[in-house]
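Residue numbers (numbering that gives the first Met the number 0): 0 to 112. Please read the structure below before turning to the comments.
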Amino acid sequence: MALKRNVGIAVKILKELVKLREQLKKQPGTKVAVTDFAKSLISKGIVSAETTNQKIILRDRIRRLVGQVPGLYIHRYPYEKLSYITTTPPVTSEILPTDMVESEVLNIEDIEE
């Protein structure tokens, strides 16, 4: 019985994430903190989370479910504790030119000899 209830909650969260995606598409570049989204779910009565532990579980669940919604992404910034939901895909790290990679490999081999 509990499993069925949990699946129902996941579907409700997914529906809210789809609504959020539509709102974020209207305002490109906007981001919503996962904690704020969780608070809105609690205030709307969609989910209940009284204890801190339940709130942490809810935030983790939201982060996992964002991956299920096409067009939504999670951004985590190294200098901030918050993670954000946004419609812009994360920027991949810069790829080093092959010359630099090869020279680093050679340097490592020189040291090992």
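In this text, a Cβ means the ideal position worked out from N, Cα and C, and glycines have one as well.
Residue i versus residue j: straight-line alpha-carbon distance, rounded
i	j	result
residue 42	residue 14	16 Å
residue 1	residue 7	Note that residue 1 scores 48 on pLDDT, short of 50, meaning its location in the model is unreliable; the coordinates nonetheless yield the value given after this. Residue 1 and residue 7: Cα-Cα distance of roughly 10 Å.
residue 35	residue 82	10 Å
Integer-rounded CB distance, given that residue j should sit under 8 Å from residue i
i	j	result
residue 10	residue 84	With 8 Å as the limit, residue 10 and residue 84 do not qualify as a contact, their Cβ atoms being about 18 Å apart.
residue 88	residue 72	5 Å
N- and C-terminal bounds of the alpha helix (DSSP H) containing residue i
i	result
residue 45	Counting along the chain, residue 45 falls outside any alpha helix (DSSP H), and DSSP gives it neither H nor E.
residue 65	51-65
Start and end residues, beta strand (DSSP E) containing residue i
i	result
residue 85	82-85
residue 72	72-75
residue 90	That residue, residue 90, is in no beta strand (DSSP E); it is neither H nor E in DSSP.
Close beta carbons around residue i, own chain, < 7 Å, minus the five adjacent residues each side
i	result
residue 57	37, 46 and 48
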